[in-house]
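Oh and the sequence shown: position 37 is 37 in full-length UniProt numbering, straight run, nothing missing. C-beta: ideal position from N, C-alpha, C; glycine also. Bear in mind the structure is a predicted one, so any value in this text is a computation, not a measurement. Below is one structure, written out as structure tokens; the observations come after it.
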Amino acid sequence: MLSTVIVEDETLILQELLLTIPWNELGLSVEGTAENGLDGERIIRSIDPDIVVTDIRLPGKDGLEMLKDAAVEHGIIISGYTDYSYMRKAIRLGVFDYLQKPIETSELIVALKRLRDEINEEKKSEIITEHLLPEKISNHSIRLAVSYINEHYRDSIGLQDIASIANVSENYISTLFREETGMNFLQYLNAVRISKATELLRKSSMNISEIAEATGFPTPGYFTKVFRRFFSVTPSEYRSNEN
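Next comes the structure, spelled out in structure tokens:
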């Protein structure tokens, strides 16, 4: 379940959101609500929710200032105002969506689903990435090997290359690598490459073949096969979901 906080000063609208949105079915849990910006910020700082749904014009502190001061990463704005200065501020803050009142339940559900999917993909990427940090590894030889892979993932590298870098035998590095990282050499190499590929899919306009080449995969087909193993979708589907 992804945690959610709702900040809305109109009590009837707040109750409507709580009752009409199928939060559990969406994989979301409303962990807190507030009817003004100051209480909203306090609750957000306390809970650190995955998602914040908020109005802009709030007593105490405006919704955009609240999002900024509480360092909210994933926000959805619901507002009765079409003021473009608000929209520009929302865009600068990285707000996920800006919905106008009166809110259509179906419209908010779609936005929540899209944001939920984006957050889940981010969490998958974080899980992959947290295993790729050399400083988390205690063995010196494996730290050398991991650092080499992280720097040379674009190249055609094999077990013999990292064994040479670490100045140990291939059999020894193979056994030790799994003990230290929980993955074999190829699994780790592919995890690094996939982590880099997700960044390019989100942030670049490169096509799939270009991304495959840029991240060291020998063919686009193999890239797609490995990517599906990690995310259960193709690279193209992943990019569409992110956009």
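Extent of the continuous alpha helix (DSSP H) to which residue i belongs
i: residue 34; result: Segment 28–34 is the beta strand (DSSP E) holding residue 34; no alpha helix (DSSP H) there.
i: residue 97; result: Careful: residue 97 lies outside any alpha helix (DSSP H), inside the beta strand (DSSP E) at 97–100.
i: residue 141; result: 140–152
i: residue 221; result: 220–231
i: residue 38; result: 37–47
i: residue 155; result: That residue, residue 155, is in no alpha helix (DSSP H); it is neither H nor E in DSSP.
i: residue 22; result: Taken as a continuous stretch (DSSP letters only), residue 22 belongs to no alpha helix (DSSP H), as it is neither H nor E.
Host beta strand (DSSP E) of residue i (start-end)
i: residue 56; result: It is not in any beta strand (DSSP E) - residue 56 carries neither H nor E in the DSSP assignment.
i: residue 77; result: 75–79
Whether residue i touches residue j by CB criterion (8 Å)
i: residue 230; j: residue 212; result: no
i: residue 38; j: residue 64; result: no
i: residue 1; j: residue 27; result: yes
i: residue 215; j: residue 153; result: yes
i: residue 176; j: residue 139; result: yes
CA-to-CA distance, residue j to residue i, given in whole angstroms
i: residue 70; j: residue 44; result: 7 Å
i: residue 52; j: residue 149; result: 38 Å
i: residue 220; j: residue 164; result: 29 Å
i: residue 239; j: residue 81; result: 31 Å
i: residue 67; j: residue 204; result: 27 Å
i: residue 25; j: residue 8; result: 22 Å
i: residue 191; j: residue 169; result: 23 Å
i: residue 12; j: residue 76; result: 19 Å
i: residue 41; j: residue 54; result: 11 Å
Bridge-paired residues (DSSP) for residue i
i: residue 2; result: 28
i: residue 7; result: 34, 54
Any C-beta of chain C under 8 Å from that of residue i
i: residue 89; result: As a matter of chain content, chain C is missing from the structure shown, which is built from one protein chain.
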